[in-house]
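Engineer: So that we are looking at the same thing, I have put the structure below in structure tokens.
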Amino acid sequence: MFFLQINNQSGSFNLVLLFGTIGMLVLTIGLIVFIIFHQRKVIRYQLQLQRMEQDQQKMLLNASIRLQEEERQRIAADLHDDAGPLLATARLYLNENLVNLDKTSQLQSIYNAKQIIDDTIQLIRNISHSLMPPTLKNFGLESAVNDLFQKISSSGSMNASCRFHDYRNRMHPEDELIIFRVIQELVNNILKHSNASFIHLTQNLSDDKFFIRMHHDGKGLTQADFEKLNKAASGLGLKNIQSRLKLLHGRIFFEKDMSQTYFKVTIEVPRIEESVGTK
Amino acid sequence: MLLSALTYFIFRQEAFDSLNTTIESILIISFCIFFLFEELNNVEVVFIYQKANFWFVFGMLVYLAGNFFLFIQADEFSKEIRDGFWSINLFSNILKKLFVRYCILSSKRS
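So the protein sequences, as listed, match chains H and P. Sequential numbering from 3 applies to the first sequence in my numbering. Sequential numbering from 18 applies to the second sequence in my numbering.
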């Protein structure tokens, strides 16, 4: 500091003072301007990130609402087109004129009505099972997935197999339902789009994480395709998978096998809550 | 304050003390810069100039930066030179007071 003090040299003294003061002011204002602009840049970036996140959430919410509406429409259509006519026909057999008919016709009408009511019961049971599979509720994810894969295999169009390596303790029923729905959606996609000849599902536990891996030999997706479809307006099923897994803090990876022959889908879910009941 | 007290009671110096004031200025400038960088690292999404504290710090920085060399040289001033250059002090003091006034007003508003 003392070397800046210049004695008895008025000209130099003035210059040091003048340029020193101007320099300090320029430095200070420069620093403030830099901080303001830097902060504005950071805040804009943060806001942009927030906006993107909100858009993504909005898209997922829209997808789930649309899917819910589609499901409602499907149930409404099933009830209206199948159960409605069946019950109306049964009503026709059991109209007021029935008392005026002879005994044989009465019995025949009652028998027909009974048949139709049985069909309706079966139909409603099927609708209810498609909403909530009883196997899943009563016996857990492993049985429900086995059941699903057996049904696919028995149709003859595809060879489907599954193996649960480490599922001694059942997960929370709500989590099981979410995972089951994701598997259902993936299997549905494979059946619809991949032309695969087999699907194989394996389940593992590692580092407190629950893994489900599916292999198939058809036309599949890679992670890049998944992300692209996820951002597009279409791809409702994939968005639904994403939003369901988000509830479980889970992740999904699409990749091509090392051998480049199979496509692999991996679902990773942290095992937060342990079993409700052991199998 | 400590330095001023030392100067007054121990060194018995009653005139303007250049050394004290310069050290004070360096300290306050350092604190102001520290405050600004703390604000920069703050994750809050509020622009820095929307905060009342910022205007106080800005006023202090402008005042101290404007007067820093004046304080360093203060011991060497003759009466004429002091009269010539003391306007820098007056002007930066007015600016500081304006910014402090703005800080008080904006803190009352918020």
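Backbone N, C-alpha and C define an ideal beta-carbon position, used for all residues, glycine too. These numbers were taken from a predicted model, which means no experiment stands behind them.
(1) The alpha helix (DSSP H) that contains Asn-97 (chain H), what's its start and end?
(2) Listed from N- to C-terminal order along the chain, which residues in the stretch 67-84 of chain P have their beta-carbon within a distance smaller than 7 Å of any beta-carbon of chain H?
(3) Taking Ile-40 (chain P) as part of the beta strand (DSSP E), name the residues at either end of that continuous run.
(4) Output the boundary residues of the beta strand (DSSP E) element that contains Asn-110 (chain P).
(5) Give the DSSP bridge partners of Ala-162 (chain H), in chain order.
(6) Determine whether the Cβ of Phe-88 (chain P) lies closer than 7 Å to any Cβ atom of chain H.
(7) Check each residue of the stretch 32-55 of chain H: if its Cβ is closer than 9 Å to any Cβ of chain P, include it; give the result in chain order.
(8) On the three-state DSSP scale, how would you describe Phe-64 (chain P)?
(9) Which full runs of the beta strand (DSSP E) of 3+ residues lie inside the stretch 66-128 of chain H, going along the chain?
(10) Is there a C-beta anywhere in chain H that falls below 7 Å from the one on Leu-53 (chain P)?
(11) How would you write the range of the alpha helix (DSSP H) that Ile-254 (chain H) sits in, first residue to last?
(12) Got a sec: is the Cβ-Cβ distance from Gly-239 (chain H) to anything in chain P below 7 Å?
(13) In whole angstroms, what separates the C-alpha of Ile-65 (chain P) from that of Glu-55 (chain H)?
(14) Could you pull out every residue in the same chain whose Cβ sits closer than 6 Å to the Cβ of Arg-165 (chain H), ignoring the five residues on either side in sequence?
(15) If we define contact as Cβ-Cβ less than 7 Å, is Leu-107 (chain P) a contact residue for chain H?
(16) Against Phe-64 (chain P), what residues of chain H qualify as contacts under a CB-to-CB distance less than 7 Å, listed in chain order?
(17) Which word fits Cys-77 (chain P), buried or exposed, when buried means at least 16 other C-beta atoms lie within 10 angstroms of its C-beta?
(18) Should the stretch 133-143 of chain H be regarded as contacting the stretch 181-189 of chain H, the criterion being three or more beta carbon pairs within less than 8 Å?
(19) For Thr-211 (chain H), which beta-bridge partners are listed by DSSP?
(20) Take Ile-77 (chain H) and list the residues in its own chain whose beta-carbon comes closer than 7 Å to its own, dropping the five residues that flank it on each side.
Structural biologist: Reading from the atomic positions:
(1) On the first sequence, residue 97 (chain H) is found 95 positions in, with the first residue counted as 1. Asn-97 (chain H) -> no alpha helix (DSSP H), and no H or E assigned at all.
(2) Phe-75, Leu-78, Val-79, Ala-82 and Gly-83
(3) In the second sequence, the residue the question calls residue 40 (chain P) occupies position 23. Looking at the DSSP string, Ile-40 (chain P) is not in any beta strand (DSSP E); the run it does join, the alpha helix (DSSP H), is 35-58.
(4) Within the second sequence, the letter at position 93 stands for residue 110 (chain P). From DSSP, Asn-110 (chain P) is part of no beta strand (DSSP E) but of the alpha helix (DSSP H) over 96-126.
(5) Numbered from its first residue, the first sequence carries residue 162 (chain H) at position 160. Beta-bridge pairing links Ala-162 (chain H) to H:Ile-201.
(6) Start at 1 with the first residue of the second sequence, and residue 88 (chain P) comes out as number 71. Cβ-Cβ to chain H under 7 Å: no for Phe-88 (chain P).
(7) Leu-33, Ile-34, Ile-37, Ile-38, His-40, Gln-41, Arg-42, Val-44, Ile-45, Gln-48, Leu-49 and Gln-52
(8) Within the second sequence, the letter at position 47 stands for residue 64 (chain P). The answer is coil: DSSP assigns Phe-64 (chain P) none of H, G, I, E or B.
(9) none
(10) Numbered from 1 along the second sequence, position 36 holds the residue referred to as residue 53 (chain P). It does; some Cβ of chain H falls within 7 Å.
(11) Here residue 254 (chain H) is taken as the residue at index 252 of the first sequence, counted from 1. Here Ile-254 (chain H) belongs to no alpha helix (DSSP H); instead the beta strand (DSSP E) covers 253-258.
(12) Here residue 239 (chain H) is taken as the residue at index 237 of the first sequence, counted from 1. With 7 Å as the cut-off, Gly-239 (chain H) does not count as an interface residue toward chain P.
(13) Indexing the second sequence from 1 puts residue 65 (chain P) at position 48. Indexing the first sequence from 1 puts residue 55 (chain H) at position 53. Approximately 24 Å, taken between the alpha carbons.
(14) In the first sequence, the residue the question calls residue 165 (chain H) occupies position 163. Excluding positions up to five away in sequence, the list reads Thr-204.
(15) Working through the second sequence from its first residue, we reach residue 107 (chain P) at position 90. False, the Cβ-Cβ gap to chain H never drops below 7 Å.
(16) Position 47 of the second sequence holds residue 64 (chain P). The answer, in chain order, is Gln-41, Arg-42 and Ile-45.
(17) Position 60 of the second sequence, counted from the first residue, corresponds to residue 77 (chain P). The question names Cys, but residue 77 (chain P) is Met in the sequence shown. Its Cβ being crowded by 16 or more others within 10 Å, Met-77 (chain P) is buried.
(18) yes
(19) On the first sequence, position 209 is the one that residue 211 (chain H) refers to. Per the sequence shown, residue 211 (chain H) should be read as Lys rather than Thr. Answer by DSSP bridge pairing, in chain order: H:Ser-208 and H:Pro-272.
(20) Numbered from 1 along the first sequence, position 75 holds the residue referred to as residue 77 (chain H). Ile-129.
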